[in-house]
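Novice: Protein chains in written order, with my numbering: chain A, 1196 to 1310; chain B, 8 to 119. A virtual CB, placed ideally from N, CA and C, is assigned to each residue, including glycine.
(1) Measuring alpha carbon to alpha carbon, tell me which residue in B:11, B:16 and B:10 is nearest residue 115 of chain B.
(2) My output table needs one value for residue 1310 of chain A: the three-state DSSP class, helix, strand or coil.
(3) Just checking: is the beta-carbon of residue 1223 of chain A within a distance shorter than 9 Å of some beta-carbon in chain B?
(4) Secondary structure at residue 1217 of chain A, three-state DSSP: helix, strand or coil?
(5) What are the boundary residues of the beta strand (DSSP E) that residue 92 of chain B is part of?
(6) Would you mind working out which of A:1276, A:1305 and A:1309 sits nearest residue 1290 of chain A, comparing C-alpha positions?
(7) Between the region 32-53 of chain B and chain A, which residues of the former have a C-beta closer than 9 Å to a C-beta of the latter?
(8) Name the residue from A:1292, A:1207 and A:1236 whose alpha carbon lies nearest to the alpha carbon of residue 112 of chain B.
(9) What's the C-alpha gap between residue 1287 of chain A and residue 1233 of chain A?
(10) Of the choices A:1212, A:1198 and A:1201, whose alpha-carbon is the least far from that of residue 1284 of chain A?
(11) Use the C-beta contact count for residue 1281 of chain A: other C-beta atoms within 10 angstroms, 16 or more gives buried, fewer gives exposed.
(12) Do the region 1237-1250 of chain A and the region 26-35 of chain B make contact, defined as three or more Cβ pairs closer than 8 Å?
(13) With DSSP collapsed to three states, give me the class of residue 88 of chain B.
(14) Assign residue 65 of chain B to buried or exposed, taking buried as 16 or more other Cβ atoms, counted over all protein chains shown, within 10 Å of its Cβ.
(15) How far does the beta strand (DSSP E) with residue 153 of chain B in it extend, from its first residue to its last?
(16) State yes or no: is the beta carbon of residue 115 of chain B nearer than 9 Å to at least one beta carbon in chain A?
(17) Keeping to the same chain, check which residues put their C-beta closer than 6 Å to that of residue 68 of chain B; ignore five residues upstream and five downstream.
(18) For a quick check, are the C-beta atoms of residue 1310 of chain A and residue 1207 of chain A less than 9 Å apart?
(19) Is the Cβ of residue 94 of chain B closer than 9 Å to any Cβ of chain A?
Given below as structure tokens:
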């Protein structure tokens, strides 16, 4: 099946620094990717829809200046958590859509810990 | 987005069938019923999806009620590796409906 890869799988950073997480579709092109955040014992929360070649669409309550999304190619979307704080510590998961009506494929997730 | 309701948790014994229910009484005519599962510390994994007819694949079966207001994911023989959170999600047609909105899901525990 299709593969979506995230990097890094885990990262620890100091408060105030910025962290970039990459999401790659390895064997298909994706004009649309999605970024989710998941806190412990909770469900996935959709943060934004990443559109290749255009601005991301953010869900209500998600700060676009805090969570920068870039979808510069058909196989790569990046999420940058700017000026990270401990409350940004979470499991970040991306997904990509090979075709419009089929299944979504998810990355392995990236665990961010902000000290 | 139309809402789904699932039990918080269910238990099963290994090698036995498991029926995971999902209610979606506000489903629209064009909504697909998707099931994903998430193992600990991993991204969700696609299980199955359907529109009106029952569906079978190598992982599971999906039984959809005639009025489409409920569905049941069937794992024919549960294994320890099936222990996960199972999410029932409604997904609209192409365009804005492509995104998946996750509910709380059902935590499936499988015992020996």
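Specialist: Answer, in terms of the structure:
(1) To locate residue 115 of chain B, count along the second chain from 1; it is residue 108. Of B:11, B:16 and B:10, the residue nearest in Cα terms is B:16.
(2) On the first chain, residue 1310 of chain A is found 115 positions in, with the first residue counted as 1. Three-state result, residue 1310 of chain A: coil.
(3) If you number the first chain from 1, residue 1223 of chain A lands on position 28. For residue 1223 of chain A, the answer is no, since every Cβ of chain B falls outside 9 Å of its Cβ.
(4) Numbered from its first residue, the first chain carries residue 1217 of chain A at position 22. Residue 1217 of chain A falls in the strand class under three-state DSSP.
(5) Start at 1 with the first residue of the second chain, and residue 92 of chain B comes out as number 85. 91-98 is the span of the beta strand (DSSP E), which, as asked, contains residue 92 of chain B.
(6) Here residue 1290 of chain A refers to the residue found at position 95 when the first chain is read from its first residue. Comparing Cα-Cα distances from residue 1290 of chain A to each of A:1276, A:1305 and A:1309, the minimum goes to A:1305.
(7) 39, 41, 43, 45, 48, 49, 50, 51, 52 and 53
(8) Here residue 112 of chain B refers to the residue found at position 105 when the second chain is read from its first residue. Checking every option, the nearest Cα to that of residue 112 of chain B belongs to A:1236.
(9) As a first step, residue 1287 of chain A must be located in the first chain, where it is residue number 92. As a first step, residue 1233 of chain A must be located in the first chain, where it is residue number 38. Here the alpha carbon of residue 1287 of chain A sits roughly 6 Å from the alpha carbon of residue 1233 of chain A.
(10) The count along the first chain starts at 1 and reaches residue 1284 of chain A at position 89. Comparing Cα-Cα distances from residue 1284 of chain A to each of A:1212, A:1198 and A:1201, the minimum goes to A:1212.
(11) By 1-based counting over the first chain, the position of residue 1281 of chain A is 86. When all chains shown are included, residue 1281 of chain A counts as exposed.
(12) With fewer than three CB-CB distances shorter than 8 Å, the region 1237-1250 of chain A does not count as touching the region 26-35 of chain B.
(13) Along the second chain, read from residue 1 onward, the residue named residue 88 of chain B stands at position 81. Residue 88 of chain B falls in the helix class under three-state DSSP.
(14) Numbered from its first residue, the second chain carries residue 65 of chain B at position 58. Under this definition residue 65 of chain B is an exposed residue.
(15) A query on residue 153 of chain B cannot be resolved here, the shown segment of chain B reaching from 8 to 119 and no further.
(16) On the second chain, position 108 is the one that residue 115 of chain B refers to. No, no contact with chain A.
(17) Numbered from its first residue, the second chain carries residue 68 of chain B at position 61. Same-chain partners within the cutoff: 81.
(18) By one-based count along the first chain, residue 1310 of chain A stands at place 115. By one-based count along the first chain, residue 1207 of chain A stands at place 12. Yes. Within cutoff.
(19) Working through the second chain from its first residue, we reach residue 94 of chain B at position 87. Cβ-Cβ to chain A under 9 Å: yes for residue 94 of chain B.
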